[in-house]
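Asker: Dropping a structure here in structure tokens format, bear with me for questions.
Numbering (the working numbering), first residue to last: 97 to 476.
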């Protein structure tokens, strides 16, 4: 902001004053002897010599790291340390179960970026992704594209529980308040609903508690102009015949005690019922986000996946019928299309993605043979 200032000037006369004319003379008056400077001719001469320069040891420059574009893309399910690190990181880059490095769900080994030439630079735009094992799809993004925080499914559901042992809800709110990211993506973070007599009651209860947590704990802590992207739930991909095995597998991975058989469940759990619950839950989340324009954005990729009832088999893990996750390499582009901040951080290099998918399938088949798993039950 600039301000104009005025100055006052005094106009001088064009002719000098009479007393100044009297002082002007071609020959200056003589100076007294006492006012003359002493002569320096009798003093010894002195020549300044600078001190010798101190030699510095030669330090060779560090060797330049090879370009990451020269390395093949592998499905290690991890990203390297990002440029931006939150002040209070949670269980980032960790697997929900003790799976060896390189398996799906493990965030222990670095993943080469899809963009070469040293990787991209995203400036000051920060995207934090918080969720359970479903956040693994974003580990295929280039380095620095986002910061991923992954939580165990059992702990992520206790957001509103003040007596939670891990306190994920409280720590997540504190992390957002400390890091002040420009954008946050929440995936599959929801409160654990109580037992309900009907599936519709359970859906409403879980959605209401999730909405309360977001509006009361996260929105007030977001930076001005920041947005929270709330991801919708994808349709079920586990068929009814494998559902019992699927429940056993994931309860063991989460260190949850044995559950009663699904035949003793309070309500039906067939594929049609689960699909109806997903649709109802997404509708509630979409209506909730619409009440906060400019702050909350509902993200739904289900229109890309199929007809609304069944997911296209091209996006399902056919090696493991108990796998609840979609294939990362074939669904990452859908998330990037729906989240504007990710559109410029994803390159459609189908060759590298398909190579990564083939490696994943080969590694999973090897585990199935090694563990001698039958009836389709494998670890993910």
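For each residue, glycine too, the CB sits at the ideal point set by N, CA and C.
#1: With distances taken from CA atoms, which of 395, 427, 397 is nearest residue 410?
#2: Given that a residue counts as buried once 16 or more other Cβ atoms are within 10 Å of its Cβ, and exposed if not, what is residue 228?
#3: Is it the case that the Cβ atoms of residue 265 and residue 256 are separated by a distance below 8 Å?
#4: Taking residue 435 as the reference, which of 326, 379, 405 has the closest Cα?
#5: Contact check, residue 279 vs residue 223 under 8 Å by CB: the rounded distance?
#6: Take the Cβ of residue 466 as the centre, count every other Cβ of all protein chains shown within 10 Å, and call the residue buried at 16 or more, exposed below.
#7: With 16 as the cutoff for other CB atoms within 10 Å, does residue 403 come out buried or exposed?
#8: From what residue to what residue does the beta strand (DSSP E) around residue 323 run?
#9: If you drop the 5 nearest sequence neighbours on each side, which residues of the same chain put their C-beta closer than 8 Å to that of residue 321?
#10: Short check: CB of residue 392 to CB of residue 324, under 8 Å?
#11: Assuming residue 505 contacts residue 413 (C-beta within less than 8 Å), just tell me the rounded distance between them.
#12: Checking 8 Å against the spacing of the C-beta atoms, do residue 425 and residue 452 come in under that value?
#13: Closest by CA to residue 247, which one among 236, 239, 267, 295?
#14: Is it buried or exposed for residue 389, if we count other Cβ within 10 angstroms and need 16 for buried?
#15: CA-CA distance, residue 419 and residue 310?
Answerer: Taking the definition as stated:
#1: Cα-wise, what sits closest to residue 410 is 427.
#2: Classification for residue 228: buried.
#3: With respect to the 8 Å criterion, residue 265 and residue 256 are classified as neighbours on the basis of their beta carbons.
#4: For residue 435, the nearest C-alpha among the options comes from 326.
#5: Right, their Cβ atoms sit about 5 Å apart.
#6: When all chains shown are included, residue 466 counts as exposed.
#7: Exposed.
#8: Unbroken beta strand (DSSP E) run through residue 323: 323 to 327.
#9: These residues qualify, in order along the chain: 278.
#10: At a Cβ-Cβ threshold of 8 Å, residue 392 and residue 324 count as neighbours.
#11: This structure cannot settle anything about residue 505, because the visible part of the chain is limited to 97 through 476.
#12: Yes. Within cutoff.
#13: Relative to the Cα of residue 247, the nearest Cα in the group 236, 239, 267, 295 belongs to 267.
#14: By the Cβ neighbour-count rule, residue 389 is exposed, with fewer than 16 other Cβ atoms within 10 Å of its own.
#15: Looking at the backbone, the Cα of residue 419 and that of residue 310 are separated by about 29 Å.
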